[in-house]
Amino acid sequence: LKTARSFILSAPPGEVNDVVADVKVLFGDRLNEEVLASILSEYDCKTHTVIKSSDGSKVLVCREGQLRPSTYFDHGKEYVVNHISGEIQSCSTAEPSASPLDPFRASAQEELDKYVKSSLSEGHAVVHVSRGSDGQEVLAILISGVKLNPRNFWNGRWTSSWHVRGLDP
Amino acid sequence: ELKSALDLMRRLPPKDIESSLSKILTVAPDLVDDLLSAVDQPLKVQRCPDSGKDYLLCDYNRDSDSFRSPWSNKYCPPLDDGILPPENLRKMEIAANAAFEAYREQYYEGGVSSVYVWQTETGFACCIAIKKDGEKQAHPLPEGADPSTATLSQGTWNSIHVFDVCPRDADKKTEYKLTTTVMLFFETECPATDSDLSGNLTRTLERERPHVPGDVASHLANIGEMVEEMEGRMRDTLEEVYFGKTLEILRAVRTPVDERRAAQEGLMAEIAAKRKT
Numbered sequence: 007l008k009t010a011r012s013f014i015l016s017a018p019p020g021e022v023n024d025v026v027a028d029v030k031v032l033f034g035d036r037l038n039e040e041v042l043a044s045i046l047s048e049y050d051c052k053t054h055t056v057i058k059s060s061d062g063s064k065v066l067v068c069r070e071g072q073l074r075p076s077t078y079f080d081h082g083k084e085y086v087v088n089h090i091s092g093e094i095q096s097c098s099t100a101e102p103s104a105s106p107l108d109p110f111r112a113s114a115q116e117e118l119d120k121y122v123k124s125s126l127s128e129g130h131a132v133v134h135v136s137r138g139s140d141g142q143e144v145l146a147i148l149i150s151g152v153k154l155n156p157r158n159f160w161n162g163r164w165t166s167s168w169h170v171r172g173l174d175p
Numbered sequence: 059e060l061k062s063a064l065d066l067m068r069r070l071p072p073k074d075i076e077s078s079l080s081k082i083l084t085v086a087p088d089l090v091d092d093l094l095s096a097v098d099q100p101l102k103v104q105r106c107p108d109s110g111k112d113y114l115l116c117d118y119n120r121d122s123d124s125f126r127s128p129w130s131n132k133y134c135p136p137l138d139d140g141i142l143p144p145e146n147l148r149k150m151e152i153a154a155n156a157a158f159e160a161y162r163e164q165y166y167e168g169g170v171s172s173v174y175v176w177q178t179e180t181g182f183a184c185c186i187a188i189k190k191d192g193e194k195q196a197h198p199l200p201e202g203a204d205p206s207t208a209t210l211s212q213g214t215w216n217s218i219h220v221f222d223v224c225p226r227d228a229d230k231k232t233e234y235k236l237t238t239t240v241m242l243f244f245e246t247e248c249p250a251t252d253s254d255l256s257g258n259l260t261r262t263l264e265r266e267r268p269h270v271p272g273d274v275a276s277h278l279a280n281i282g283e284m285v286e287e288m289e290g291r292m293r294d295t296l297e298e299v300y301f302g303k304t305l306e307i308l309r310a311v312r313t314p315v316d317e318r319r320a321a322q323e324g325l326m327a328e329i330a331a332k333r334k335t
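If you read the sequences in order, they're chains G and S. Each residue of the first sequence is one higher than the one before, counting from 7 in my numbering. Each residue of the second sequence is one higher than the one before, counting from 59 in my numbering.
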């Protein structure tokens, strides 16, 4: 199963479903729903997968934005995500954050949205306040842009993450 | 099952070909013969104990777990009943190895080449394998910069040419079918990041050429010509795909400067407007 996980995690952008299909054939029943869901949630977090909802809003899946398993925060909303189907199951308004760094988060988010619109095609970015390993609060900026063109046999993905420390509220 | 395994091998990172293949074989061990013959692996080098020269290991000189040296015609580790080419083909093999050593030295200035020939129902087949490990090179640094911040890059070239040769002695013509796979790996290390650009490309070529029945050299000349042409073409295609296309995709994902894009869009709108009038 470690092998299945390593294969799925190294799938190229846009091809994860094909890789999962192949892995299912080779591993058979050993790859059950639960295992697959946990591997895919790891994949989505690692590659900052952006999932679009039917009303056009997007959620960027990442560790820093995870509120509960399969639930992620983005732009003031909480999204429950199905990692296997790649779809949003439900979305609700999130509670406002009580962190002192929240004003930084809000203004950074505003600027980032402008940046993403002009520089990344089909890009999305989200800012979170998260706790670093030393217990300090940091501002985490996650950016993701994907351009898929499987008919011409190419796909591209841009992922970046930034952690800003030492902000004084 | 084989189809899934092959599809997987095409999608997983090329620099991990060996480890991905061995992982698949631990899960599906009965696919071993099919996979080893269908998937090209990066060439490995071994020293021939008799001649002291290096030779390349591939599926075409393999018998169970031993590999035949083209210099000594012996298997290493030794096998009692390993498959050996018939006498006339062995003569051709010796001549081919010498010819391609010269070719390799001219084009690659180093590296290792090996040629293996075997009998087929319609004639014979041969495999020409060439491998070159580039030296690790540092990129030029601005004056006064710290040498430990240099970006190092290293590349490895593997080419595997497999010929299916069908001579027709009656009308002195031979059909040559060539399938070539080139595997190219580039790695760059620098203090900030590492990057890896790797992949492989397979192309085929078919030619009909005259030959002199019974004369090995005439076949070698035709084969040599096709290999030279094919390698030249592949090298150009690889350059285009690795660098040109990759840059194009990068630009599609992230535009470097928004002003540039706005200017481009303005220009395109202008052209579109002019076309309409």
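Even for Gly, the Cβ is constructed at its ideal location relative to N, Cα and C.
Helix, strand or coil for residue i? Go by DSSP, reduced to three states.
{"i": "residue 12 of chain G", "result": "helix"}
{"i": "residue 88 of chain S", "result": "helix"}
{"i": "residue 235 of chain S", "result": "strand"}
{"i": "residue 97 of chain S", "result": "coil"}
{"i": "residue 198 of chain S", "result": "coil"}
{"i": "residue 163 of chain S", "result": "helix"}
{"i": "residue 270 of chain S", "result": "coil"}
{"i": "residue 48 of chain G", "result": "helix"}
{"i": "residue 55 of chain G", "result": "coil"}
{"i": "residue 179 of chain S", "result": "coil"}
{"i": "residue 225 of chain S", "result": "strand"}
{"i": "residue 186 of chain S", "result": "strand"}
{"i": "residue 169 of chain S", "result": "coil"}
{"i": "residue 203 of chain S", "result": "coil"}
{"i": "residue 38 of chain G", "result": "coil"}
{"i": "residue 151 of chain G", "result": "strand"}
{"i": "residue 158 of chain S", "result": "helix"}
{"i": "residue 146 of chain G", "result": "strand"}
{"i": "residue 214 of chain S", "result": "strand"}
{"i": "residue 344 of chain S", "result": "Outside the displayed range of chain S (59 to 335) lies residue 344 of chain S, so it cannot be described from this structure."}
{"i": "residue 102 of chain S", "result": "strand"}
{"i": "residue 258 of chain S", "result": "strand"}
CA-CA distance, residue i and residue j?
{"i": "residue 258 of chain S", "j": "residue 184 of chain S", "result": "21 Å"}
{"i": "residue 156 of chain S", "j": "residue 300 of chain S", "result": "32 Å"}
{"i": "residue 45 of chain G", "j": "residue 103 of chain G", "result": "29 Å"}
{"i": "residue 49 of chain G", "j": "residue 80 of chain S", "result": "22 Å"}
{"i": "residue 136 of chain G", "j": "residue 73 of chain S", "result": "35 Å"}
{"i": "residue 35 of chain G", "j": "residue 155 of chain G", "result": "32 Å"}
{"i": "residue 235 of chain S", "j": "residue 326 of chain S", "result": "46 Å"}
{"i": "residue 127 of chain G", "j": "residue 297 of chain S", "result": "26 Å"}
{"i": "residue 232 of chain S", "j": "residue 226 of chain S", "result": "6 Å"}
{"i": "residue 76 of chain G", "j": "residue 166 of chain G", "result": "21 Å"}
{"i": "residue 187 of chain S", "j": "residue 100 of chain S", "result": "10 Å"}
{"i": "residue 269 of chain S", "j": "residue 154 of chain S", "result": "16 Å"}
{"i": "residue 148 of chain G", "j": "residue 140 of chain G", "result": "20 Å"}
{"i": "residue 53 of chain G", "j": "residue 162 of chain G", "result": "12 Å"}
{"i": "residue 202 of chain S", "j": "residue 102 of chain S", "result": "40 Å"}
{"i": "residue 66 of chain S", "j": "residue 273 of chain S", "result": "44 Å"}
{"i": "residue 212 of chain S", "j": "residue 159 of chain S", "result": "23 Å"}
{"i": "residue 118 of chain S", "j": "residue 106 of chain S", "result": "16 Å"}
{"i": "residue 109 of chain S", "j": "residue 278 of chain S", "result": "24 Å"}
{"i": "residue 118 of chain G", "j": "residue 170 of chain G", "result": "14 Å"}
{"i": "residue 61 of chain G", "j": "residue 98 of chain S", "result": "47 Å"}
At a CB-CB cut-off below 9 Å, which residues of chain S make contact with residue i?
{"i": "residue 126 of chain G", "result": "311, 312 and 313"}
{"i": "residue 163 of chain G", "result": "311"}
Residues of chain G with a CB under 7 Å from the CB of residue i: which are they?
{"i": "residue 59 of chain S", "result": "31 and 32"}
{"i": "residue 240 of chain S", "result": "Residues of chain G passing the Cβ test: none, with the nearest at roughly 17 Å."}
If the cut is a Cβ gap below 9 Å, which residues of chain C does residue i touch?
{"i": "residue 18 of chain G", "result": "Absent from the structure: chain C. Protein chains present are G and S."}
Taking C-beta pairs closer than 8 Å, name the residues in chain G that residue i reaches, listed in chain order.
{"i": "residue 66 of chain S", "result": "13, 25, 28, 29 and 32"}
{"i": "residue 86 of chain S", "result": "32"}
{"i": "residue 303 of chain S", "result": "160"}
Residues of chain G with CB under 9 Å from residue i, in chain order?
{"i": "residue 63 of chain S", "result": "28, 31 and 32"}
{"i": "residue 307 of chain S", "result": "153, 155, 160, 161 and 162"}
{"i": "residue 82 of chain S", "result": "9, 13 and 32"}
Report the neighbours of residue i on chain S: residues whose CB is nearer than 8 Å to its CB, in chain order.
{"i": "residue 157 of chain G", "result": "None at all; the shortest Cβ gap to chain S is about 14 Å."}
Leaving out the 5 sequence neighbours to the left and right, which residues in its chain are closer than 8 Å to residue i when beta-carbon positions are compared?
{"i": "residue 39 of chain G", "result": "90"}
What residues in its chain sit with their C-beta under 6 Å from that of residue i, if we drop five residues either side in the sequence?
{"i": "residue 134 of chain G", "result": "70, 71 and 146"}
{"i": "residue 135 of chain S", "result": "124"}
{"i": "residue 220 of chain S", "result": "185 and 237"}
{"i": "residue 85 of chain G", "result": "65, 78, 94 and 97"}
Run down chain S in chain order and give the residues with a C-beta less than 7 Å from the C-beta of residue i.
{"i": "residue 64 of chain G", "result": "Near residue 64 of chain G there are no residues of chain S at all, since even the closest Cβ is about 16 Å away, more than 7 Å."}
{"i": "residue 21 of chain G", "result": "69"}
Residues in the same chain with beta-carbon distance under 7 Å from residue i, minus the five sequence neighbours each way, listed in chain order, please.
{"i": "residue 131 of chain S", "result": "142 and 148"}
{"i": "residue 144 of chain S", "result": "177"}
{"i": "residue 111 of chain S", "result": "129"}
Under 8 Å, with one C-beta from each stretch per pair, do the region 86 to 96 of chain G and the region 50 to 58 of chain G reach the 3-pair mark?
yes
With three or more C-beta pairs closer than 8 Å as the rule, is the region 61 to 73 of chain S touching the region 10 to 27 of chain G?
yes
Assess, as a yes-or-no matter, whether the region 282 to 290 of chain S is touched by the region 254 to 268 of chain S under the definition of 3 or more beta carbon pairs within less than 8 Å.
yes
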